[in-house]
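Since the structure comes first, as C-alpha cells, the remarks are kept for the end.
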Amino acid sequence: MIIFSRSTTARAERGLFSFIFLLIFCTASSAAAGYGTDDGGGIVREGGGTWGSILEMSAEVNGPDIVFNVRRQDRMPMYPESRISIRTGSWRGGDAASGTVSSGSRSITLTVRTEGGKAQSYYACISNSYGHAWVGPLKIDGYDDEKPREYETYRSDYPDYSNEGGGVGRPRIDSWPSSAWLDEPVSIAVTAGLCRNGSMVRLRCMAEDSDRPRSRPYESGWIRTGDIVKVPFRFDSPGKKRISCVTLDSCCTSPQVSRPILVKERNRPPFEPRISSKPAEIKLKVPVHIPVLPGSDPDGDQVKVECRAEDARTFSSGWFNSLRWTDAIFTFDQPGSKRISCVTIDRRGAVSCKAERVIDVVEAIPVSSTGETRINISVVTKPDGTADSKVSVESSRSEGCAPFCDGDITYDKPYLPAPYQDRPEQHFIYEP
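According to my numbering, the sequence shown is numbered sequentially starting from 138.
Shown next, in the form of C-alpha cells:
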C-alpha cells in the first residue's frame with residue numbers, strides 16, 4: 138500500500154494540472170491548424186530574376202483563401218503596367234492568381250482560393266518587356282475542410298494564465314479602427330491582461346512594416362491589470378498587416394494575441410501646372426497655342442493637364458509618365474480679356490490647385506477681298522541720255538496707296554541704262 142503525504146499529494150496535483158494544461162493547449166493548437174506559413178507568418182525576401190532579389194512577399198490565410206501581399210523591399214513604387222502573378226511549385230510554375238500593377242502602386246494584393254490538399258509552396262513573379270523578378274518560396278500548410286482556419290481570437294473574455302501562481306492573461310486589442318492610412322499615425326486601444334497575483338503589468342506590442350517592428354516593439358510603463366493603453370503605430374507599406382501584443386509582469390509573459398489591420402494608401406493631389414505668359418495677345422477666331430507644364434505627382438502617378446477658358450472649348454492633354462510642356466489650344470469667338478485656368482489631374486482622379494492667367498483677344502483688321510490696283514509706268518528717253526519717268530497709280534482698295542497717291546509722279550533722273558535709250562516710250566501695267 139502506498140501512502141501519500143499532504144505535500145506529496147499537493148505536488149501530484151500540481152503536476153497533473155500542468156499536464157492537463159499542456160494537453161488542452163496542444164489540442165487547441167491542433168484544432169486551430171489549417172493554413173499557415175512554415176516560418177510562422179513571416180516575410181519572404183529570397184528571390185532572383187533579371188532585376189535581382191528586389192521583392193518581398195507575405196500571406197494571410199482565412200479558411201480556404203490565401204491573401205498574398207507583394208511589394209518591393211525598398212518600398213518604392215512598383216513598375217507600372219507590369220504583370221504580377223502568384224505561382225505554385227516554382228517561380229516558373231502555373232499561375233494561381235495574377236493581376237496588373239497600376240501606376241504609383243507600392244504593393245499588390247492577390248487572393249488564391251484553394252480546394253484542400255497537401256501543403257504547397259508559393260512564389261510571386263513580376264514581369265514586363267524589360268525584365269522580371271521573383272520571390273519565394275512561401276510554404277502554406279494543407280487545408281482541412283472539416284476544420285476551417287479562423288483568425289486568432291483577440292477579444293478574449295477569460296483569464297488565460299500561462300504559469301501556475303504567477304501567470305498573466307492575454308491582452309485585448311480593440312477591433313477599431315479596422316484600417317489605417319499609409320505613413321500616418323494611428324492609435325489602437327489595448328487592454329492589459331489579468332494577473333493572478335494582482336501585481337502590476339506591462340504591455341508589449343509590435344506590427345509588421347511599421348515603426349514598431351519585432352526588434353523595436355512598443356512597451357508601456359507599469360500599469361494595473363485591465364488598464365487601457367492607446368498604442369501608436371505608423372505603417373510604411375500598404376496592405377493587410379498584423380498587430381500583436383502580450384502582457385508581461387515581473388517574471389511571466391502571456392500568450393501572444395494578434396489582429397489584422399488594413400493599411401490604405403491615401404492618394405495625394407499633384408502640384409499645380411505652369412502656364413506660359415506668351416503670347417499675351419491673340420486675334421479673334423484664330424487658334425492659339427499656349428504652352429503648359431503639368432505639375433508633378435507626389436505618389437508617382439501619371440498626370441495630365443486640363444485647361445478651361447471663357448468662350449472656348451476645354452482642352453485636355455494625354456497622360457504623361459514624365460513631365461514635359463504641352464500646347465493648350467484655344468479659339469475664341471468673342472473679343473476681350475479672357476481668363477485661362479489649368480489644373481493637373483493624376484491617374485486616380487486627384488486634382489491640383491488651379492493655375493490662371495489672362496489673355497487679350499482682339500479683332501483682326503478687315504481686309505477687302507475685292508478691288509484692283511493699276512500702276513502705269515511711262516519712260517521717255519532724251520537724246521542726251523537722260524530720261525523722264527512717270528508713275529500713275531489707280532487703286533480701288535480701301536487702304537491707302539502709299540508710297541504712291543492718285544496722280545502722276547515725275548522723276549528727273551535716268552530710269553533705263555544706255556543700251557535701252559533708243560527704245561520708244563514703254564508702258565508697264567501691274568495687276569495684283
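Idealized CB from N, CA, C, for every residue including glycine.
- Comparing alpha-carbon positions, the option among Pro217, Gly230, Ala234, Gln210 lying closest to Val204 turns out to be Ala234.
- Under the DSSP assignment, Met343 falls in the beta strand (DSSP E) whose first and last residues are 339-344.
- The beta carbons of Gln439 and Ser240 sit closer together than 9 Å.
- A check of alpha carbon separations from Thr451 across Asn265, Pro431, Cys479 identifies Cys479 as the nearest.
- A straight line joining the alpha-carbon of Glu493 with that of Phe467 spans about 15 Å.
- Assignment of Phe469 by DSSP, reduced to helix, strand and coil, places it in the coil class.
- Using a Cβ distance threshold of 9 Å, Ile398 and Ile482 do not count as a contacting pair.
- Apart from sequence neighbours up to five positions away, the residues of its chain that approach Lys377 with a beta-carbon distance below 8 Å are Glu197, Val204, Asn206, Thr246, Pro397, Ile398, Leu399, Val400, ordered along the chain.
- Taking a 10 Å sphere around the C-beta of Met215, we find 16 or more other C-beta atoms and assign the residue as buried.
- By the beta-carbon neighbour count (other beta carbons within 10 angstroms, threshold 16), Val423 is exposed.
- Per DSSP, Arg445 is one residue of the beta strand (DSSP E) stretching across 440-446.
- Contact annotation: Val442 and Ser433 have beta-carbon atoms that are not nearer than 9 Å.
- Bridge pairing for Ile221: Gly236, Ile263 [DSSP].
- Within a 10 Å sphere around the beta-carbon of Tyr260 sit 16 or more other beta-carbons, which makes this residue buried.
- For Lys255, the secondary structure class from DSSP, reduced to helix, strand or coil, is coil.
- Apart from sequence neighbours up to five positions away, the residues of its chain that approach Ile412 with a beta-carbon distance below 6 Å are Val429, Cys479, Ala492, Arg494, ordered along the chain.
- For Asn458, there is no enclosing beta strand (DSSP E), as DSSP marks it with neither H nor E.
- Straight through space, the alpha carbons of Pro217 and Cys382 are spaced by roughly 37 Å.
- In the DSSP assignment, Gly268 is bridged to Asn265.
- In the assembly as shown, Thr384 is a buried residue. Its beta-carbon has 16 or more other beta-carbons within 10 Å.
- The shortest CA-to-CA distance from Arg229 to any of Arg209, Thr248, Thr251, Ile263 is the one to Ile263.
- Nearest C-alpha to Arg476 among Thr237, Glu447, Ala487: Glu447.
- Exposure of Glu356 is indicated by the presence of fewer than 16 other C-beta atoms within 10 angstroms of its C-beta.
- Contact between Phe469 and Ala449 holds: CB atoms are separated by about 5 Å, below the 8 Å threshold.
- When the beta-carbon positions are compared, Glu402 and Asp436 come within less than 9 Å of each other.
- Put simply, of Ala256, Pro274, Arg371 the residue whose alpha carbon is nearest the alpha carbon of Pro201 is Ala256.
- Ranking Glu321, Val488, Arg212, Gln393 by CA distance to the CA of Arg351 puts Gln393 first.
- In the displayed model, Arg349 falls within coil according to three-state DSSP, outside both helix and strand.
- Of the other Cβ atoms in all chains shown, fewer than 16 fall within 10 Å of the Cβ of Val488; this residue is therefore exposed.
- For Val323 and Lys367, the gap between their C-alpha atoms comes out near 9 Å.
- A buried status is given to Ala344, since no fewer than 16 other beta-carbon atoms sit within 10 Å of its beta-carbon.
- In this structure, Arg307 and Ser391 form a Cβ contact; the two beta carbons are roughly 5 Å apart against a cut-off of 8 Å.
- Within the same chain, and ignoring the five residues on either side of Leu340 in sequence, the residues whose Cβ sits closer than 8 Å to its Cβ are Pro308, Val327, Ala329, Tyr355, Glu356, Ser357, Ile360, Val366, Val368, Cys382, Val383, Thr384, Leu385.
- Asp346 sits buried, since 16 or more C-beta atoms from the chains shown fall within 10 Å of its C-beta.
- Around the beta-carbon of Gly473, fewer than 16 other beta-carbon atoms lie within 10 Å, marking it exposed.
- In this structure, the beta-carbon distance from Gly363 to Ala270 does not fall below 9 Å.
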